[in-house]
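Numbering (my numbering), first residue to last: 401 to 671.
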């Protein structure tokens, strides 16, 4: 494809997302048609009917492809999609199955990549919730204290950054950097961003679009998630012998406070 009309590969790693995958594909399929791209759902062995939902859509839309991800990790899913179907494509767009996206999300990413010459375009990630636990977690994660002032956790006006929520990457840069490290179950995005920067590639924070993240809805799953984040961040620091920034440590200190506050609310409601 020409630089003015790039080819895209939209990749959705998923596991047990029957409640969301159909609606997500319905929102993304028009973008894939506009951009002459393909959508690859990489399933980690869902047991809730996710694959059957995707297969019905595959049968009526040749742009949608279903791959099996025996390693089950998101990092492995992206690597598999690029290795299998990335040849000839210019850009990879990573989509989280449980996220919320504007209808023009993919269009805006491609436009910014072309306008800036960026090798990676990352986006702001705003947190939203429906239940009591999700709303409390969202409030904490949207605060500067809860995120350590991380740029990608707040709306951006568009700027060059070291790291952000992964959205679009030039496949040539992704492959040259070695793709995701599949030994990372968490923090694989920050680890790859470090290698991209070391290789001389540039990361642009979008000022034109964003995604919405829905946090864990139970205290146990939230605890396990933060535990995984902490381990992933520690592994990243050790692998590259980095000195962590102060802002990166703040959320780890805030997380116990959030959990205690949530426990207090639950205890008060039960009393």
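Just so it is clear, CB atoms sit at the ideal spot from N, CA and C, and this is done for glycine as well. Owing to the predicted nature of the structure, the values given are computational and were not obtained by experimental measurement.
Residue interval of the alpha helix (DSSP H) (run including residue i)
| i | result |
| --- | --- |
| residue 485 | 474–485 |
| residue 576 | 571–576 |
| residue 594 | 588–598 |
| residue 459 | 450–460 |
For residue i, three-class secondary structure by DSSP
| i | result |
| --- | --- |
| residue 437 | coil |
| residue 495 | coil |
| residue 505 | helix |
| residue 515 | helix |
| residue 608 | strand |
| residue 548 | Residue placement at residue 548 is flagged as unreliable, the pLDDT there being 48, under the threshold of 50; the coordinate-derived value follows with that caveat. Here residue 548 sits in coil by DSSP. |
| residue 417 | coil |
| residue 443 | strand |
| residue 423 | helix |
| residue 405 | coil |
CA-to-CA distance, residue j to residue i, given in whole angstroms
| i | j | result |
| --- | --- | --- |
| residue 560 | residue 412 | 25 Å |
| residue 614 | residue 587 | 18 Å |
| residue 514 | residue 604 | 11 Å |
| residue 472 | residue 608 | 32 Å |
| residue 479 | residue 530 | 33 Å |
| residue 456 | residue 584 | 32 Å |
| residue 474 | residue 442 | 9 Å |
| residue 606 | residue 525 | 11 Å |
| residue 465 | residue 426 | 14 Å |
| residue 467 | residue 484 | 9 Å |
| residue 595 | residue 416 | 31 Å |
| residue 486 | residue 493 | 11 Å |
| residue 447 | residue 459 | 20 Å |
| residue 502 | residue 611 | 7 Å |
| residue 581 | residue 500 | 26 Å |
| residue 498 | residue 453 | 15 Å |
| residue 579 | residue 572 | 10 Å |
| residue 558 | residue 527 | 19 Å |
| residue 508 | residue 517 | 14 Å |
| residue 574 | residue 419 | 31 Å |
| residue 428 | residue 462 | 14 Å |
| residue 445 | residue 421 | 14 Å |
| residue 597 | residue 449 | 40 Å |
| residue 406 | residue 620 | 43 Å |
| residue 601 | residue 488 | 20 Å |
| residue 470 | residue 414 | 12 Å |
| residue 512 | residue 568 | 10 Å |
| residue 437 | residue 504 | 14 Å |
| residue 430 | residue 451 | 21 Å |
Contact belief for residue i with residue j at Cβ below 8 Å, rounded distance in angstroms
| i | j | result |
| --- | --- | --- |
| residue 439 | residue 433 | Not quite, the Cβ-Cβ distance comes to about 10 Å (not below 8 Å), so this is no contact. |
| residue 490 | residue 570 | 7 Å |
| residue 599 | residue 576 | 7 Å |
| residue 673 | residue 409 | The requested residue 673 is not part of the displayed model; the chain covers only 401 to 671. |
| residue 435 | residue 506 | 6 Å |
| residue 593 | residue 563 | 4 Å |
| residue 566 | residue 522 | 6 Å |
Beta strand (DSSP E) segment containing residue i, residue limits
| i | result |
| --- | --- |
| residue 527 | 520–527 |
| residue 489 | Residue 489 -> no beta strand (DSSP E), and no H or E assigned at all. |
| residue 582 | Neither: residue 582 is in no beta strand (DSSP E) and is coded neither H nor E. |
| residue 557 | Premise fails: residue 557 is in no beta strand (DSSP E) and is neither H nor E. |
Contact test: residue i Cβ vs the ligand HEM heavy atom, cutoff 7 Å
| i | result |
| --- | --- |
| residue 491 | Ligands displayed in this structure: none; no statement on the ligand HEM is therefore possible. |
Any chain B beta carbon closer than 8 Å to residue i
| i | result |
| --- | --- |
| residue 589 | Given the protein chain composition of this structure (a single chain), no chain B is represented. |
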